[in-house]
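In terms of our numbering, the first sequence opens at residue 746 and continues consecutively. Heads up, the beta-carbon is just placed ideally off N, CA and C, and yes, glycines get one too. Here the structure is a predicted model, which is why all the values come from computation and not from measurement.
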Amino acid sequence: MDRIPNSYFQTYDSLFLAQDLIGKTLVRQFDTGEIIRRKILETEAYLGKEDLACHASKGKTPRTSVMFEEGGKVYVYFIYGMYWLLNIVTGEKDHPQAVLIRGIEECLGPGRIGKLLQLDKSFYGENLETSSRIWIEDSSLKGSVLSTPRIGVDYAGEIWKNKPWRFVHENLT
DNA sequence: CAGAAGATCGGG
DNA sequence: CCGATCTTCTGC
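Below, the structure is given as C-alpha cells:
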C-alpha cells in the first residue's frame, strides 16, 4: 500500500479529512521492526481557533503550536494523567485544526490507541510523510459513515458541543 | 502559587 | 460511579 503524502493533509480541512480518513490505514512501526496496520473506524474534527472544543481556541501555546503548522504532522497530548491522544494536523499553516483518531480496527477509544501504539511526547510534531515509525496508507472500506456530536466536549458551549463532527464507520458497532 | 478540570478508561 | 495521575490553564 502507498503512504499518503502530506499534500493530502494540507489540501483539505479537518472536517473533510475526518470523514475521508475513515477506512484509511494507520501504520505504526516499532523499534523491533514489528508493524501494526489498522484501518481507521472513528474520528473527530477539531476546526480552528473559533471552535471552542479545539485546543487551539486557547491560542498558540507550547502545547498547541503544532496545530498552527501545515498539515501532515502528529499532534499528541497527555491527558487524565495517563493517556496520549493521537491527532493529525490538517490544513494550511496558521489555520489550526486537527483530526482526533478515536477508533481503529480492534482498538476503540483514543486513550487505548495511544497505549497500543506506545505513543509519547516524542511523537509531538512527527512528520507523517517521512517518519519511520508512524504514517497513513491509502485504503478503502465498504460501508457508510455516520456522524454524531463529539465526545467529552460539553464544556465547549451549546454551539460547539453539538456540532456533528464525530464520524464512525458502520462496522464499528 | 494553589486549585481544578481535562478530546479517558477500567474496576467495583 | 469513582479513582488514577499529571499537564495545563485560571484566578487570587
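Could you please give the first and the last residue of the uninterrupted alpha helix (DSSP H) stretch that includes T756?
N751 to T756
Same chain, Cβ closer than 8 Å to N907, five either side skipped, listed in chain order:
P894
Residue burial classification, Q842 (beta-carbon count within 10 angstroms, cutoff 16):
buried
Separation of Q755 from G888, as counted between CA atoms
26 Å
Rounded to whole angstroms, what is the Cα-Cα separation between D839 and R808?
15 Å
Where does G826 land, buried or exposed, given buried means 16+ other C-beta within 10 angstroms?
exposed
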